[in-house]
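**Student:**
There are 4 protein chains.
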Amino acid sequence: MKKRILDKPESNCGIVGVFGDKEAAHLSYLALYALQHRGQESSGIVCSDGEEVRRHIAQGLVADVYSDPNIFNYLQGHIAIGHNRYSTTGSTHLINAQPLLLTGKDGPLAISHNGNFTNSGILRQELEGKGSIFQTTTDTEVIAHLIARSQKEEFSAKIIDALRQIRGAYSLVMMTRDRIYATRDPHGVRPLCIGKKGKTYFVVSETCALDILRADYVRDIEPGELVELSDQGLRAFKIDDSQKRHACIFEFIYFSRPDSKIFNENVDKVRRKLGKNLALELPTDADIVISVPDSSNTAAVGFSRRSNIKFDLGLIRNHYIGRTFIHPKQNMRDFGVRIKFNTVKGILQGRRVVVVEDSIVRGTTLKQLVKLIRQAGATEIHVRVSSPPIISPCYYGMDFPSKEELIAHNKSVDEITDFLGCDSLHYLSIDGLMNSVSQEQGGFCTACFTGKYPIVIEDNIGKFQHEKAKKVKITD
Amino acid sequence: MKKRILDKPESNCGIVGVFGDKEAAHLSYLALYALQHRGQESSGIVCSDGEEVRRHIAQGLVADVYSDPNIFNYLQGHIAIGHNRYSTTGSTHLINAQPLLLTGKDGPLAISHNGNFTNSGILRQELEGKGSIFQTTTDTEVIAHLIARSQKEEFSAKIIDALRQIRGAYSLVMMTRDRIYATRDPHGVRPLCIGKKGKTYFVVSETCALDILRADYVRDIEPGELVELSDQGLRAFKIDDSQKRHACIFEFIYFSRPDSKIFNENVDKVRRKLGKNLALELPTDADIVISVPDSSNTAAVGFSRRSNIKFDLGLIRNHYIGRTFIHPKQNMRDFGVRIKFNTVKGILQGRRVVVVEDSIVRGTTLKQLVKLIRQAGATEIHVRVSSPPIISPCYYGMDFPSKEELIAHNKSVDEITDFLGCDSLHYLSIDGLMNSVSQEQGGFCTACFTGKYPIVIEDNIGKFQHEKAKKVKITD
Amino acid sequence: MKKRILDKPESNCGIVGVFGDKEAAHLSYLALYALQHRGQESSGIVCSDGEEVRRHIAQGLVADVYSDPNIFNYLQGHIAIGHNRYSTTGSTHLINAQPLLLTGKDGPLAISHNGNFTNSGILRQELEGKGSIFQTTTDTEVIAHLIARSQKEEFSAKIIDALRQIRGAYSLVMMTRDRIYATRDPHGVRPLCIGKKGKTYFVVSETCALDILRADYVRDIEPGELVELSDQGLRAFKIDDSQKRHACIFEFIYFSRPDSKIFNENVDKVRRKLGKNLALELPTDADIVISVPDSSNTAAVGFSRRSNIKFDLGLIRNHYIGRTFIHPKQNMRDFGVRIKFNTVKGILQGRRVVVVEDSIVRGTTLKQLVKLIRQAGATEIHVRVSSPPIISPCYYGMDFPSKEELIAHNKSVDEITDFLGCDSLHYLSIDGLMNSVSQEQGGFCTACFTGKYPIVIEDNIGKFQHEKAKKVKITD
Amino acid sequence: MKKRILDKPESNCGIVGVFGDKEAAHLSYLALYALQHRGQESSGIVCSDGEEVRRHIAQGLVADVYSDPNIFNYLQGHIAIGHNRYSTTGSTHLINAQPLLLTGKDGPLAISHNGNFTNSGILRQELEGKGSIFQTTTDTEVIAHLIARSQKEEFSAKIIDALRQIRGAYSLVMMTRDRIYATRDPHGVRPLCIGKKGKTYFVVSETCALDILRADYVRDIEPGELVELSDQGLRAFKIDDSQKRHACIFEFIYFSRPDSKIFNENVDKVRRKLGKNLALELPTDADIVISVPDSSNTAAVGFSRRSNIKFDLGLIRNHYIGRTFIHPKQNMRDFGVRIKFNTVKGILQGRRVVVVEDSIVRGTTLKQLVKLIRQAGATEIHVRVSSPPIISPCYYGMDFPSKEELIAHNKSVDEITDFLGCDSLHYLSIDGLMNSVSQEQGGFCTACFTGKYPIVIEDNIGKFQHEKAKKVKITD
């Protein structure tokens with residue numbers, strides 16, 4: 001009944017694990033809070049004291065989901081995993097909230113998943129054929145079934161067995177009654193790293209979650225690696241090191257926090273270099289550089305440094321949007337962008353303005369922003385985008401719309417310039433993009449910009465998944 | 001965090017199914033409302049329009065769970081099943097709320113269950129051994145797995161295959177995308193009947209749910225029978241007719257509504273006869289007969305008729321208890337019974353009073369009531385119980401406490417008389433009980449009075465189940 | 001947005017006061033719980049520890065309004081007053097919930113009111129003329145202004161000053177920082193009595209609230225008397241003893257609980273006598289007497305005793321209605337009565353039935369009940385009403401509809417018989433009514449049956465009040 | 001039970017009025033949304049269609065308070081006023097939420113108030129002496145009483161009569177059934193301006209609320225001016241033009257939005273000049289300038305421009321704090337600042353850093369930030385504050401703590417430097433401050449920096465008010 005205002009890909013999820021602190025649920029909560037930007041739909045924590053496994057999940061922001069202090073009295077134990085969800089597959093109801101918690105032969109198993117399996121539809125069909133039944137519409141449930149059906153002896157071997165059947169982009173944190181398991185897919189698409197503080201181990205999507213906990217960053221989990229945390233400490237398993245890394249470059253461009261380090265590089269540093277390369281590629285004559293706050297701030301500062309055009313604060317963002325925003329009936333469209341942004345007229349008036357934006361998906365918000373900046377008196381508006389045109393959807397976890405809705409799939413740069421109503425438009429080139437990141441650690445997935453998908457899409461995603469989801473709907 | 005006041009076995013569940021009316025969810029809602037006495041913990045409806053299956057479940061009373069009219073805009077379709085839950089196994093959280101809804105090879109399957117499987121622990125262990133995983137702690141999930149793993153072709157054959165593996169007392173209403181299946185266990189422990197109005201079929205726990213819908217009672221579902229409702233009409237399958245019927249006699253004594261017809265007999269008629277036989281067994285010299293309202297009203301009227309002692313209204317029951325009642329800190333115990341009952345002093349003062357009560361479980365509430373009646377000025381208090389002493393727990397769905405908590409398991413009638421503080425106490429004899437019901441249709445389960453369990457308890461229930469439930473806890 | 005099902009005058013309010021127990025708010029809560037039948041719209045408690053005055057109010061049933069135990073940690077103090085509200089004037093929003101709490105020259109003043117002022121419109125107009133402003137749309141606020149503007153020295157004198165300006169039917173419990181004041185109007189229309197337990201004083205609408213607290217009934221507050229409870233104990237003031245008593249006879253007929261004693265008489269006893277007199281007035285040939293439960297139970301038993309026709313339980317009432325009941329779209333009207341009542345067919349079939357009902361307001365519910373009883377197989381239906389025809393609205397606190405909606409104002413007994421569809425109809429005569437109550441203590445108001453109003457209606461109520469209420473609406 | 005994290009003076013309120021658009025409540029909602037930074041405790045709108053006056057108020061953020069679309073179906077009419085509240089006097093419960101709505105001789109009157117009366121205690125005492133009673137603990141209620149008691153004929157004259165009795169800093173928007181009145185105190189302490197779009201008039205605290213509505217700024221309401229909006233258009237009254245203007249300079253420093261124009265000047269422009277003057281006053285040798293986001297961003301950019309030290313993004317602010325944030329039990333204090341801020345290590349490491357902060361109240365948050373920046377590897381930390389030391393509390397509406405809690409009241413700059421743990425600390429001088437603002441339009445209140453209060457404090461505020469509030473507490 002309510003509609004979120006979303007004009008950016010805010011998909012993906014944040015996942016965490018804590019092993020070895022009797023306040024494990026508390027610490028998971030703080031880590032989830034730091035990872036709020038990775039998912040705002042729902043949040044959950046599963047914890048264990050070695051005997052009993054307990055779960056709390058609810059829809060809403062982290063600060064609200066855990067606002068009743070009784071929750072932490074309930075969530076006892078020294079082991080915990082957590083999850084912030086923004087759904088890419090499955091419906092948005094509570095039954096799909098994670099961590100998933102199931103019981104099989106080996107006792108309770110909880111799973112937090114960030115990413116997307118590309119053969120879950122096929123696997124699900126096979127599993128159903130063998131008599132498995134599913135309660136959720138998420139792809140995560142598949143892995144629990146594969147583990148439960150594995151013929152291996154050791155639990156870690158069962159997990160490895162299951163992971164070898166799965167294709168896609170995934171970072172997973174799993175929990176049994178007395179252990180945590182964490183893994184990244186063999187291509188290392190999504191980030192996941194290990195932290196430590198005293199004797200307590202942490203596994204988190206981004207290092208900003210270690211910072212809030214004052215834990216030290218230890219290392220990234222390697223692509224194709226499975227890490228086990230138990231009373232015996234950390235044990236690592238190689239599952240598959242035969243694959244080339246294809247880290248998601250969009251994590252650097254937009255999704256991760258600038259104060260995080262992912263894929264062994266500071267997000268801030270990469271983002272600044274994107275801005276610098278953008279300035280280099282097309283020297284522009286202008287009075288000021290402004291950012292579309294907050295995600296483009298760092299690239300705009302980089303642009304300003306390289307171009308020697310002054311950085312300024314021409315747009316103010318309203319941070320009080322809350323879960324839902326009810327639009328007035330009249331002129332709803334036009335009010336849209338004003339809900340989020342306002343111009344600082346004194347800065348824009350009479351100025352030639354460079355507007356740095358990190359990426360363009362549909363282009364509708366940016367079009368309104370250009371109009372707003374024009375109304376504030378800017379004499380020229382030069383849009384500079386710190387990433388190449390997005391021409392293909394993401395099947396690995398980013399919540400882009402279908403091809404048809406991607407403006408750069410349908411229009412040339414000239415046409416987009418016309419659509420936006422700006423005086424000039426420049427996108428960072430693929431070379432400029434690749435030149436901004438270190439490739440020492442391996443390659444990157446740039447499928448959204450190139451259409452070249454490094455991992456085969458075995459499901460007819462968007463059709464098969466949709467059909468499943470369509471048939472079962474739940475309110476709770 | 002909240003505690004219900006329960007001093008009566010209010011266990012069991014109410015189940016319904018509606019086939020062939022485009023307002024199927026609405027009608028289910030009314031039926032569930034009429035069956036509220038069978039379960040107040042949570043309520044749910046699953047419906048289908050032949051294509052999409054939708055579910056709404058929530059904790060609370062029926063009138064509250066469905067109080068938002070949008071729910072019925074959402075619950076579209078001509079097929080629906082519903083469930084009122086009072087848990088006997090599993091924890092009380094939403095994930096255990098029914099109807100259960102799962103998806104397997106054959107598409108969505110929803111299940112409403114009233115009763116208790118007596119081999120679900122064993123079955124669950126076997127299924128887990130084969131790789132099945134469970135999301136709930138209810139025994140109902142077992143049947144979905146058995147159906148999903150059946151090798152039969154026809155869906156009805158799969159259900160029959162699954163039911164043949166299950167032991168226990170159960171009435172089930174199940175729903176696929178386009179059909180309803182309803183069944184009673186071969187011993188026919190729990191009630192379930194078929195109704196009809198125009199072309200619409202109904203399956204309900206008690207006939208009072210047909211009355212509210214103005215539907216006609218067609219017949220009971222037979223023990224060991226499976227009924228399928230589809231566009232082709234009603235089809236019946238015999239699964240097992242080799243078993244003796246063991247209908248739960250406690251449904252007549254306390255649990256069902258007096259205006260219902262179950263097991264082919266009017267509850268009111270049986271309950272009145274219990275009162276009459278009670279009066280016959282021990283002629284009592286007294287001025288008035290009063291009931292512990294409301295469940296003992298009919299037996300008290302029966303007692304009055306046979307004994308020629310005037311029926312009167314000596315106890316007033318407060319019906320506004322609501323979901324939770326917070327006790328004041330001081331003297332909490334003593335206030336207990338006054339929350340529910342008050343005496344009418346003008347009636348009790350100076351009188352010799354027969355108090356008719358339908359059954360005694362722990363005896364604590366009745367003890368307080370006797371004290372209250374004494375304080376109101378009754379000169380003699382003769383407690384007459386319209387059922388025999390409860391000496392054994394129920395493994396077939398009634399929520400009795402453990403043996404140790406059953407007063408009649410621990411004390412003789414004389415000792416109970418002392419405990420209650422009444423002048424005399426008489427329980428209806430087993431003969432008096434059996435003489436009150438018709439046995440034309442088959443026998444009754446009287447295990448709670450005799451300790452003779454007609455269906456083998458294969459699980460170590462109360463241990464195995466409890467252990468399972470103990471390990472996984474969920475708040476939602 | 002939600003609509004309560006009301007087919008009975010459930011107006012009026014319940015009021016309580018507790019002085020001298022450090023758990024005063026707790027005890028008020030129990031008393032309010034016992035008085036739930038007098039108002040289900042909202043509930044509130046104001047308490048004081050002699051220094052700080054605290055209030056908690058909310059919409060809903062007593063058990064729900066106070067379900068968070070923190071409320072009682074907050075409501076500290078040895079003095080408390082409480083209120084259950086069913087609005088007769090003013091809108092239903094929280095700002096009108098009572099106890100009202102205001103601050104003036106003499107510090108905080110809280111007021112709980114049961115009844116209706118008949119000159120509040122005039123007084124309000126006068127007060128506004130002098131510069132008073134009002135925040136609520138209730139008539140209760142008027143008395144606070146009168147007290148605040150009184151020129152007297154002593155606070156009790158100010159109250160007396162204010163009360164002398166007010167006309168109408170009212171029982172009031174008021175609280176300052178260190179005292180409780182309780183009063184009844186000079187005609188004593190509404191009940192209010194004093195109880196005691198140890199050193200703690202209680203003031204409650206009905207004695208059933210003393211019973212739940214295990215307090216002793218001391219005496220009624222006299223018409224025109226003001227009682228002050230303070231550290232100095234109880235002090236009584238005579239305000240006006242020149243008036244004839246006109247106790248509301250409808251409290252006996254329907255509104256009060258049968259286990260209460262009001263106006264110095266047991267409600268149960270009066271109600272039974274109403275039934276007896278009803279049986280005497282028109283001997284009826286029938287097989288059974290049934291009641292419309294629960295309010296007519298006692299009268300039906302009385303009828304049965306005198307007529308020697310057997311009392312039976314032909315109608316079952318569903319007590320789970322909850323705050324709101326959403327009607328299915330189709331045939332809403334017809335389902336109406338079935339939500340509340342079902343027939344016991346085995347009892348009614350083939351029988352000539354006397355149906356005892358305490359009163360008829362609009363007649364719509366009873367009409368449906370008659371139909372239901374007929375469908376259950378009754379061969380004759382004789383409706384017997386244990387009060388005379390209601391022909392005039394109540395301006396003293398009972399929530400009757402306007403004249404036009406009162407069936408007995410518009411139709412003759414014959415026409416009503418036709419409307420109801422019963423075989424015969426008899427109303428108790430005014431003589432039969434008056435013969436059922438003791439008149440030792442004074443007279444009764446019978447305005448609803450006779451149109452003779454003992455207290456002048458100075459306001460053009462229903463116009464003036466309505467106009468006020470119409471102009472200001474609040475959601476909270 | 002819940003605690004907000006507040007380390008900044010987030011007091012004050014936002015007020016709005018809309019006259020002449022049938023979607024007046026909608027437009028008020030958008031304006032309140034743009035003014036969310038002025039108050040997050042509760043929000044309310046009162047509207048009128050010329051006949052009926054309706055109100056909706058609730059606790060929470062604007063986006064949540066109005067999230068049910070039915071609210072706008074209810075809030076019909078072409079006239080509306082609104083209020084965002086952060087309480088400076090009175091408790092935080094709903095009964096104190098604004099707009100206040102009262103009824104007197106002249107019909108309904110609604111009031112939205114931003115500021116603080118400095119003689120409300122005295123006036124309240126006088127009014128109570130004359131028999132007025134109060135329902136809230138806010139000072140706003142006083143003005144309603146003064147209006148109601150005025151002997152003038154015209155309603156505008158009554159308002160003027162009332163305003164002449166009030167001292168303090170206040171901007172008010174009031175509404176009758178058919179008019180809006182807006183006023184600023186004679187010293188013009190708080191902002192309030194008029195906007196227009198087509199024939200619709202707006203009155204709002206800051207121009208950013210006009211921007212969201214796409215309305216044009218017309219002019220400020222003058223100090224001591226009363227503006228009436230009615231079907232006859234705008235009418236202005238001079239109440240008192242004998243006073244010197246004392247606009248709150250802290251609105252420029254911190255409280256207003258940088259994209260607003262208040263007191264005839266762009267906030268952004270002033271704030272930038274504060275940064276420039278700060279850089280001029282003490283030339284500093286450093287590598288980068290960072291801001292404590294977001295309130296110090298503009299000053300930091302100004303500082304960077306003037307000092308030629310590069311502006312950078314060294315601190316990231318988490319905007320997902322939500323209404324409440326539950327702290328983990330352990331080390332709660334240390335986690336504090338990390339909830340809100342994280343450092344960007346790549347930027348700070350090895351750098352000499354200027355940290356620009358707009359103001360220091362208690363200094364506790366800044367102390368933690370300095371530590372955090374140090375931990376991130378900064379070699380030198382130079383704190384620069386774009387306002388003078390705050391040495392005195394505000395009695396005119398800013399929510400500063402008591403003198404004792406103001407760090408600059410207790411410590412010298414050297415001591416504060418030690419406390420913060422920075423390498424150097426410089427506050428902007430009073431001259432630097434005054435040099436940043438235009439004084440063409442009149443003077444400024446700088447009491448918090450100088451202790452010179454331009455408006456006499458007639459109440460013993462903080463004692464009298466507190467005593468009042470202490471005595472009456474309400475939960476709702």
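Chains as they are written, first to last, in the numbering used here: chain A, 1 to 476; chain B, 1 to 476; chain C, 1 to 476; chain D, 1 to 476. For each residue, glycine too, the CB sits at the ideal point set by N, CA and C. Computed from a predicted structure; not experimentally measured.
Determine the direct distance from the alpha carbon of B/Arg-214 to that of C/Gly-44, and round the result to whole angstroms.
**Tutor:** Locating residue 44 of chain C in the third sequence gives position 44, counting from the first residue. Locating residue 214 of chain B in the second sequence gives position 214, counting from the first residue. One C-alpha to the other measures close to 41 Å.
**Student:** Name the chain C residues whose beta carbon is nearer than 8 Å to that of B/Gly-346?
**Tutor:** The sequence position of residue 346 of chain B within the second sequence is 346, counting from 1. Residues of chain C passing the Cβ test: Asn-266, Asp-268, Lys-269.
**Student:** Are the C-beta atoms of B/Glu-467 and some chain A residue less than 7 Å apart?
**Tutor:** The sequence position of residue 467 of chain B within the second sequence is 467, counting from 1. For B/Glu-467, the pLDDT reaches just 45, beneath the cut-off of 50, and the residue's location in the model is therefore unreliable, although a value from the coordinates is still provided. No, because no Cβ of chain A sits closer than 7 Å to the Cβ of B/Glu-467.
**Student:** Checking 7 Å against the spacing of the C-beta atoms, do C/Ala-24 and C/His-78 come in under that value?
**Tutor:** Along the third sequence, read from residue 1 onward, the residue named residue 24 of chain C stands at position 24. Along the third sequence, read from residue 1 onward, the residue named residue 78 of chain C stands at position 78. Yes; because the gap between Cβ atoms is below 7 Å, this pair is in contact.
**Student:** So with CB distances below 8 Å, who are the chain A contacts of D/Asn-342?
**Tutor:** Along the fourth sequence, one-based indexing puts residue 342 of chain D at 342. By Cβ distance, chain A contributes Ala-34, Cys-208, Asp-211, Ile-212, Arg-257, Asp-259.
**Student:** Using a Cβ cut-off of 7 Å (strictly closer), state whether C/Arg-219 contacts chain D.
**Tutor:** Locating residue 219 of chain C in the third sequence gives position 219, where the first residue counts as 1. Closer than 7 Å: no.
**Student:** Quick one: any contact between the region 275-288 of chain D and the region 422-438 of chain D, if contact means 3 or more CB pairs under 8 Å?
**Tutor:** Cβ pair count under 8 Å is three or more, so yes.
**Student:** Output needed in chain order: residues of the region 154-168 of chain C with a Cβ under 8 Å from some Cβ in chain D.
**Tutor:** Of all residues in the region 154-168 of chain C, none has a Cβ within less than 8 Å of some Cβ in chain D.
**Student:** So what's D/Lys-141 in DSSP terms, helix, strand or just coil?
**Tutor:** As a first step, residue 141 of chain D is located in the fourth sequence; it is residue number 141 there, counting from the start. The amino acid at residue 141 of chain D is misidentified as Lys; the sequence shows Glu. Three-state result, D/Glu-141: helix.
**Student:** Consult DSSP for D/His-426 and reduce its assignment to one of helix, strand or coil.
**Tutor:** Numbered from its first residue, the fourth sequence carries residue 426 of chain D at position 426. In the structure shown, D/His-426 sits in a strand (DSSP, three-state: E or B).
**Student:** Helix, strand or coil for B/Leu-35, going by three-state DSSP, please let me know.
**Tutor:** Position 35 of the second sequence, counted from the first residue, corresponds to residue 35 of chain B. Note: B/Leu-35 maps to coil in three-state DSSP.
**Student:** Report the partner residues of C/Gly-44 according to the DSSP bridge assignment.
**Tutor:** Walking along the third sequence from the start, residue 44 of chain C turns up at place 44. Answer by DSSP bridge pairing, in chain order: C/Ile-57, C/His-83.
**Student:** C/Val-356 bridges to which residues according to DSSP?
**Tutor:** As a working note, residue 356 of chain C is residue 356 in the third sequence. Note: C/Val-356 sits in a beta bridge opposite C/Ser-291, C/Arg-384.
**Student:** Less than 7 Å between the C-beta atoms of B/Gly-107 and B/Ser-28, yes or no?
**Tutor:** Numbered from 1 along the second sequence, position 107 holds the residue referred to as residue 107 of chain B. Numbered from 1 along the second sequence, position 28 holds the residue referred to as residue 28 of chain B. No, these two residues do not count as a Cβ contact at 7 Å.
**Student:** Relative to the alpha-carbon of A/Arg-317, which residue among D/Lys-273, D/Val-353, D/Ser-260 has its alpha-carbon at the smallest distance?
**Tutor:** Reading the first sequence from its first residue, position 317 is the one you call residue 317 of chain A. Nearest of D/Lys-273, D/Val-353, D/Ser-260 to A/Arg-317, Cα basis: D/Ser-260.
**Student:** Closer than 8 Å by beta-carbon distance: list the chain A residues that pair up with B/Leu-123, in chain order.
**Tutor:** Within the second sequence, the letter at position 123 stands for residue 123 of chain B. Per Cβ cutoff of 8 Å: no residues; B/Leu-123 is ~13 Å from chain A at best.
**Student:** Assuming D/Ile-160 contacts D/Leu-102 under a Cβ cut-off of 8 Å, what Cβ separation, rounded to an integer in Å, is found between them?
**Tutor:** As a position in the fourth sequence, residue 160 of chain D is number 160, starting the count at 1. As a position in the fourth sequence, residue 102 of chain D is number 102, starting the count at 1. Their Cβ separation, rounded to whole angstroms, is 19 Å, which puts D/Ile-160 and D/Leu-102 out of contact at 8 Å.
**Student:** Quick one: measure Cβ to Cβ for A/Ala-80 and A/Cys-47, integer angstroms, because I've assumed they're closer than 8 Å.
**Tutor:** Counting from 1 along the first sequence, the entry for residue 80 of chain A is found at position 80. Counting from 1 along the first sequence, the entry for residue 47 of chain A is found at position 47. With a Cβ gap of about 4 Å, A/Ala-80 and A/Cys-47 count as contacting.
**Student:** Can you tell me the Cα-Cα spacing of B/Glu-128 and A/Lys-152, whole angstroms?
**Tutor:** Taking the second sequence and counting its residues from 1, the one referred to as residue 128 of chain B is at position 128. Taking the first sequence and counting its residues from 1, the one referred to as residue 152 of chain A is at position 152. Each residue's alpha carbon lies about 14 Å from the other.
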